[in-house]
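Student: Next up is a structure, given as structure tokens.
In our numbering, the protein residues as written are 119 to 325.
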């Protein structure tokens, strides 16, 4: 091979390697995640996604396992109660059913949410709970699947506790939700038929 031919071959190889090197440096130094198709969410968007929903945007599950949006109860006065079958307050089921029957025609409802968080006093499965309530206390108000309240609370209870600025203390804590969505908490010691609670229900129904 002629010397000039050898020189040309070396020159072409050098240029080829230079092009490859520049291309690799461009990927390593000049590319952003979005240009490579690997965009990651910003902190702002993550905060927006985790923003607390309103009460009526929250979904729950009925005691029969069917999804239920709380929007179905918008405009009503609602008493939300965390229930348990083996608690000293369990007889309050009877009182809850009584006020449900008394005020339901006026736009009131009771929603029962069994929870095993307080003293482990609701160990049963949903169908066992439903059967217990219907047979022993003749309940007809809506019951829902078991929820967490203390640790990693269900979105409903996260919302209720934040809105009322309180923590549920024990079984049969009661959140009264007015028509405008405002919330008031009543402790386990406040019985369903007490004047303290029924007077607030009656006032809320008139608003």
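For every residue, glycine included, the Cβ atom is placed at its ideal position computed from N, Cα and C. Small disclaimer: the values here were computed from a predicted structure and weren't measured.
(1) Among 280, 235, 247, 314, which residue has its Cα nearest to the Cα of residue 305?
(2) Within the region 279 to 322, note down every full beta strand (DSSP E) run reaching 3 residues or more, in order along the chain.
(3) Around the Cβ of residue 243, are there at least 16 other Cβ atoms within 10 angstroms (buried) or fewer (exposed)?
(4) Taking all protein chains shown into account, decide if residue 307 is buried (16 or more other Cβ within 10 angstroms of its Cβ) or exposed.
(5) Hey, would you say residue 201 sits closer than 9 angstroms to residue 231, going by beta carbons?
(6) Kindly give me the distance between the Cβ atoms of residue 195 and residue 226, rounded to whole angstroms, as I take these residues to be in contact under 8 angstroms.
(7) Buried or exposed, going by whether 16 or more other CB atoms sit within 10 Å of the CB of residue 203?
(8) Please work out which residues of its chain come closer than 7 angstroms, Cβ to Cβ, to residue 302, disregarding the five sequence neighbours upstream and downstream, and give them in chain order.
(9) Going by CA-CA distance only, name the one from 193, 290, 234, 238 that's closest to residue 222.
(10) Using CA coordinates, which residue listed in 248, 212, 235 is at the minimum distance from residue 180?
(11) Kindly identify the DSSP beta-bridge partner or partners of residue 172.
(12) Taking the alpha helix (DSSP H) that residue 220 falls in, what are its first and last residues?
(13) Let me know the secondary structure DSSP gives residue 189 once reduced to three states.
(14) Taking only three categories from DSSP, how would you classify residue 196?
(15) Please return the same chain residues whose Cβ sits closer than 6 angstroms to the Cβ of residue 217, not counting the five positions on each side in sequence.
(16) Helix or strand or just coil, what does DSSP make of residue 273?
(17) Could you tell me the distance, in whole angstroms, from the CA atom of residue 270 to the CA atom of residue 235?
(18) Excluding the 5 residues flanking residue 215 on each side, which residues of the same chain have their C-beta closer than 7 angstroms to its C-beta?
(19) Which residue marks the beginning of the beta strand (DSSP E) containing residue 231, and which one marks its end?
(20) Rank 175, 183, 197 by C-alpha distance to the C-alpha of residue 189 and give the top, closest one.
(21) Terminal residues of the continuous beta strand (DSSP E) containing residue 178?
Tutor: In short:
(1) 314
(2) 292 to 295, 301 to 304
(3) exposed
(4) exposed
(5) Yes, these two residues count as a Cβ contact at 9 angstroms.
(6) 5 angstroms
(7) buried
(8) So the qualifying residues of the chain are 282, 294, 318.
(9) Looking at 193, 290, 234, 238, the one whose alpha-carbon comes closest to that of residue 222 is 193.
(10) Selected option, being the one with the closest Cα: 248.
(11) Answer by DSSP bridge pairing: none, since residue 172 is not bridged.
(12) Taken as a continuous stretch (DSSP letters only), the alpha helix (DSSP H) holding residue 220 covers 210 to 221.
(13) helix
(14) In the structure shown, residue 196 falls within a strand segment according to DSSP collapsed to helix, strand and coil.
(15) 310
(16) helix
(17) So the two alpha carbons sit approximately 11 angstroms from each other.
(18) 255, 256, 257, 258, 259
(19) That run of the beta strand (DSSP E) goes 226 to 232.
(20) It is 175 whose Cα lies nearest to the Cα of residue 189.
(21) 177 to 179
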